[in-house]
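K.L.:
Handing you this structure, nothing more for now.
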Amino acid sequence: MICTLFTFVRACAVWQGRTGSGCVCVSGVSMPGVWGSGCWVFGSLLIILLAITLHQEISGPDIFPPVRMAKDLKTLQDEYRQLNKSCFILGASGETGKELLKQIVQSQLYSKVTVIGRRQLNFEDEAYKDVNQEVVDFEKLDEFSSAFQGHDVGFCCLGTTKAKSGEAGFIRVDHDYVLKSAQLAKAGGCQHFNLESSKGANKGSSFLYLRVKGEVEAEVEELGFERFSIFRPAVLMVDRVESRPGEWFTRKLLGPFSYFFPTAYSVPMTTLVQAMLNNAVLPSDKKVDLLENKAIHTLGKMGEEKKK
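In case it helps, full-length UniProt numbering puts the sequence shown at residues 1 to 308.
Given below as structure tokens:
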């Protein structure tokens, strides 16, 4: 594909040179030089974009040292179940949280599963009959501290958008609610806290979304969980029930790139969820796991070969 673009750009340059004074000759018709220049600029930009994409696709350190995979995934899952751990999920009404709950129920990795949210969820499937639900007011979380007690593992999938909730509402949900929940979870005995963040999260960013994500990552880390796992997915490939035109357009735009460079700019939501669960059962001697998009792809596909 890159070679094709180089050929295209080279052809534009040749055509421009042959017609003289910056004109392009197409089917014997001399066209203004702006067309030749436009082709050159457009092709060059595409090449730069693809070069960056290719670098992101193949770069990065070895994600998982061999010691972490001394045992196969199924054995690790079986051993994890025997620990009889309990977990809670924040944001189970959203797309990621909903899929996470589904996979947790199916895998039976936890002896007790609790959903913490602002409203009661209705489950039609009998498989969810043992799921506990705690309805809380996120504006008064201190009054609901008991909901966060007695869980070994926490999964936080809370999040909204500035377009939906406004700037203040976005900060309140993605920062304040997340941080307060983490504080209560730590006080309640949670040992492993998992946070769904975003690719590019940086507390020093000039972009509100990325800055808030980076700030809450740093502040939750300061709480000192025994283990803190941060997941930074790129664009999530999922058909949302909630309308988000911007995300829909981005997913459509990245579709072709996802085919050639699957780990660079996007990740299927189901892969993210599977990565979160696979990461939970993997032993780690690090207090903080920072999992970028490429690592999420790798983790999420572990064990797929044996399933086939």
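Glycine included, every Cβ here is placed at the ideal spot set by N, Cα and C.
#1: To which residues does DSSP link ILE171 through a beta bridge?
#2: Below 7 Å CB to CB, which residues in the same chain sit around LEU179 once its five sequence neighbours on both sides are set aside?
#3: Would the segment 93-101 count as touching the segment 265-279 if we require 3 or more Cβ pairs under 8 Å?
#4: With DSSP run on the structure shown, which of helix, strand or coil describes VAL220?
#5: Could you check what DSSP says for LEU236 in three-state terms: helix, strand or coil?
#6: Quick check: what's the CA-CA separation for ALA51 versus THR298?
#7: I need the straight-line Cα distance from GLU222 to SER107, nearest angstrom please.
#8: For GLY300, which residues in the same chain have their Cβ closer than 6 Å to its Cβ, ignoring the five residues on either side in sequence?
#9: If you follow the alpha helix (DSSP H) that residue 318 is part of, which residue opens it and which one closes it?
#10: Can you check whether the CB of GLY224 is closer than 9 Å to the CB of LYS286?
#11: So for GLY154, helix, strand or coil by DSSP?
#12: LEU291: buried (16+ other C-beta within 10 angstroms of its C-beta) or exposed?
#13: Taking the C-alpha atoms as reference points, what is the distance between SER284 and PHE138?
#14: Run through DSSP, which three-state label would GLU226 get?
#15: What residue does the alpha helix (DSSP H) around GLN77 start on, and which one ends it?
#16: List the DSSP bridge partners of GLU139.
#17: Helix, strand or coil for ARG251? Go by DSSP, reduced to three states.
#18: Per DSSP, what kind of secondary structure is VAL131 in: helix, strand or coil?
#19: Per DSSP, what kind of secondary structure is GLU124 in: helix, strand or coil?
#20: For a quick check, are the C-beta atoms of HIS151 and GLY91 less than 9 Å apart?
#21: With a threshold of 8 Å, are at least 3 pairs of Cβ atoms found where one atom belongs to the segment 159-170 and the other to the segment 115-123?
#22: If ASP176 sits next to LYS213, beta carbons under 8 Å apart, how far is it from one beta carbon to the other, in whole angstroms?
#23: Comparing C-alpha positions only, which one of TYR128, ARG119, ASP72 and LYS164 sits nearest to TYR110?
#24: So GLY303 packs on LYS85, CB below 8 Å; how close in whole Å?
#25: Please report the straight-line C-alpha distance between ILE296 and PHE228, rounded to a whole angstrom.
#26: How big is the Cα-Cα spacing for GLN82 and SER197?
#27: Check whether the Cβ atoms of ARG119 and VAL105 sit closer than 9 Å, and answer yes or no.
#28: Would you mind stating whether VAL293 and PRO233 have Cβ atoms separated by less than 9 Å?
#29: Is the beta carbon of ILE230 sitting closer than 9 Å to the one on LEU195?
#30: Below 8 Å on the Cβ atoms is my guess for LEU184 versus LEU141; work out the distance and round it to an integer in Å.
#31: Can you grab the Cα-Cα spacing for the pair TYR80 / GLU226, in whole Å?
P.N.:
Let's see:
#1: Indexing the sequence shown from 1 puts residue 171 at position 171. Looking at the DSSP assignment, ILE171 forms no beta bridge with any residue, so it has no partner.
#2: Locating residue 179 in the sequence shown gives position 179, where the first residue counts as 1. Closer than 7 Å at Cβ, skipping near neighbours: VAL216, GLU219 and VAL220.
#3: yes
#4: Sequence index remark: in the sequence shown, residue 220 carries index 220 (1-based). Of the three classes helix, strand and coil, the one that applies to VAL220 here is helix, per DSSP.
#5: By one-based count along the sequence shown, residue 236 stands at place 236. Strand.
#6: Position 51 of the sequence shown, counting from 1, holds the residue named residue 51. Position 298 of the sequence shown, counting from 1, holds the residue named residue 298. Residue placement at ALA51 is flagged as unreliable, the pLDDT there being 48, under the threshold of 50; the coordinate-derived value follows with that caveat. Their Cα atoms are separated by approximately 22 Å.
#7: Start at 1 with the first residue of the sequence shown, and residue 222 comes out as number 222. Start at 1 with the first residue of the sequence shown, and residue 107 comes out as number 107. GLU222 and SER107: Cα-Cα distance of roughly 31 Å.
#8: Counting from one through the sequence shown, the residue named residue 300 turns up at place 300. Annotation for GLY300: THR271, GLN274 and ALA275 place their beta carbon closer than 6 Å to its own, counting only its chain and skipping 5 residues before and after.
#9: Since the first residue of the chain shown is 1 and the last is 308, residue 318 is not available in this structure.
#10: Counted from its first residue, the sequence shown places residue 286 at position 286. Counted from its first residue, the sequence shown places residue 224 at position 224. Taking 9 Å as the Cβ cut-off, LYS286 and GLY224 do not qualify as a contacting pair.
#11: Locating residue 154 in the sequence shown gives position 154, where the first residue counts as 1. DSSP places GLY154 in strand when its eight states are reduced to three.
#12: What you label residue 291 is simply residue 291 of the sequence shown in a count that begins at 1. Answer is buried; the Cβ neighbour count reaches 16.
#13: Working through the sequence shown from its first residue, we reach residue 284 at position 284. Working through the sequence shown from its first residue, we reach residue 138 at position 138. Whole-angstrom Cα-Cα distance: 32 Å.
#14: The residue you call residue 226 lines up with position 226 of the sequence shown. In this structure, GLU226 counts as coil in the three-state DSSP scheme.
#15: Walking along the sequence shown from the start, residue 77 turns up at place 77. 73-81 is the extent of the alpha helix (DSSP H) around GLN77.
#16: In the sequence shown, residue 139 corresponds to position 139, counting from 1. As far as DSSP is concerned, GLU139 takes part in no beta bridge.
#17: The residue given as residue 251 occupies position 251 in the sequence shown. Any reading at ARG251 needs caution, since the residue's pLDDT is 49, under 50, leaving its predicted position unreliable; the model's value is listed next. Here ARG251 sits in helix by DSSP.
#18: Position 131 of the sequence shown, counted from the first residue, corresponds to residue 131. It is coil, neither helix nor strand.
#19: Looking up residue 124 in the sequence shown gives position 124. GLU124 falls in the coil class under three-state DSSP.
#20: Within the sequence shown, residue 151 is the residue found at index 151, counting from 1. Within the sequence shown, residue 91 is the residue found at index 91, counting from 1. No, these two residues do not count as a Cβ contact at 9 Å.
#21: With fewer than three CB-CB distances shorter than 8 Å, the segment 159-170 does not count as touching the segment 115-123.
#22: The sequence position of residue 176 within the sequence shown is 176, counting from 1. The sequence position of residue 213 within the sequence shown is 213, counting from 1. Contact doesn't hold; Cβ gap of about 13 Å is too wide.
#23: What you label residue 110 is simply residue 110 of the sequence shown in a count that begins at 1. Among TYR128, ARG119, ASP72 and LYS164, the Cα nearest to that of TYR110 is on TYR128.
#24: Against the sequence shown, residue 303 aligns to sequence position 303. Against the sequence shown, residue 85 aligns to sequence position 85. Not quite, the Cβ-Cβ distance comes to about 19 Å (not below 8 Å), so this is no contact.
#25: Counted from its first residue, the sequence shown places residue 296 at position 296. Counted from its first residue, the sequence shown places residue 228 at position 228. Answer to the nearest angstrom: the Cα atoms are 15 Å apart.
#26: Residue 82 sits at position 82 when you count from the first residue of the sequence shown. Residue 197 sits at position 197 when you count from the first residue of the sequence shown. Each residue's Cα considered, the two are about 29 Å apart.
#27: Counted from its first residue, the sequence shown places residue 119 at position 119. Counted from its first residue, the sequence shown places residue 105 at position 105. A distance of 9 Å or more separates the beta carbons of ARG119 and VAL105.
#28: Against the sequence shown, residue 293 aligns to sequence position 293. Against the sequence shown, residue 233 aligns to sequence position 233. Before going further, note that residue 293 is Asn rather than Val in the sequence given. With contacts defined by Cβ atoms closer than 9 Å, ASN293 and PRO233 form a contacting pair.
#29: Position 230 of the sequence shown holds residue 230. Position 195 of the sequence shown holds residue 195. At a Cβ-Cβ threshold of 9 Å, ILE230 and LEU195 count as neighbours.
#30: The sequence position of residue 184 within the sequence shown is 184, counting from 1. The sequence position of residue 141 within the sequence shown is 141, counting from 1. So it is a contact: roughly 6 Å between Cβ atoms.
#31: Counting from one through the sequence shown, the residue named residue 80 turns up at place 80. Counting from one through the sequence shown, the residue named residue 226 turns up at place 226. So the two alpha carbons sit approximately 17 Å from each other.
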